[in-house]
Structures are given as C-alpha cells and as structure tokens.
Amino acid sequence: MTTASDVYSLGALLYELLTEKRPCSVEDPSPAAMIRAICEIEPVKPSSASPRQRTWNHIVW
4 MTTASDVYSL GALLYELLTE KRPCSVEDPS PAAMIRAICE IEPVKPSSAS PRQRTWNHIV
64 W
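Taken in order, the sequence shown gives residues 4 to 64; the numbers are from this note's numbering.
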C-alpha cells in the first residue's frame with residue numbers, strides 16, 4: 004500500500020458520493036476482473052453519470 008492507493012480510494016469514494024454509481028462496475032466480482040476493469044475501463048465523467056452533477060465537472064475532472 005502506498006499513498007497512490009489512498010488517493011485512488013479517495014477519488015473512487017468521492018466519485019460514488021457525487022454520482023451514486025461506482026467508477027467501474029464488473030459482473031465478475033473476482034479480484035482479477037476488478038483489477039482489469041480499473042486498469043482498462045475509463046470511468047464516465049460525473050456529469051454523464053448523473054446529469055445533476057454537471058457543475059462538479061470543472062472541480063472533479
């Protein structure tokens with residue numbers, strides 16, 4: 004564990020709080036599938052995930 008993992012976790016938590024959705028979701032809950040999704044799938048911008056959050060784009064993204 005490094006500072007980078009803490010920063011990523013904070014970002015994922017804030018994303019979920021703002022959009023009420025997870026930054027990446029996978030159907031297979033295995034650790035390998037989750038790691039692959041985190042590394043390969045670009046999260047949707049908060050304004051696209053939750054239209055009422057458009058004002059947060061300039062802060063978060």
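Don't be surprised by glycine CBs; every beta carbon is placed ideally from N, CA and C.
Can you look up residue 47 in the DSSP assignment and give me helix, strand or coil? coil
Short check: CB of residue 28 to CB of residue 40, under 9 Å? yes
For the alpha helix (DSSP H) that residue 5 lies in, which residues bound it at each end? Careful: residue 5 lies outside any alpha helix (DSSP H) and carries neither H nor E.
Only counting the same chain, and skipping five residues up and downstream in sequence, which positions put a Cβ closer than 6 Å to that of residue 15? 26
Measure the alpha-carbon distance for residue 7 versus residue 32 and round it to whole angstroms. 23 Å
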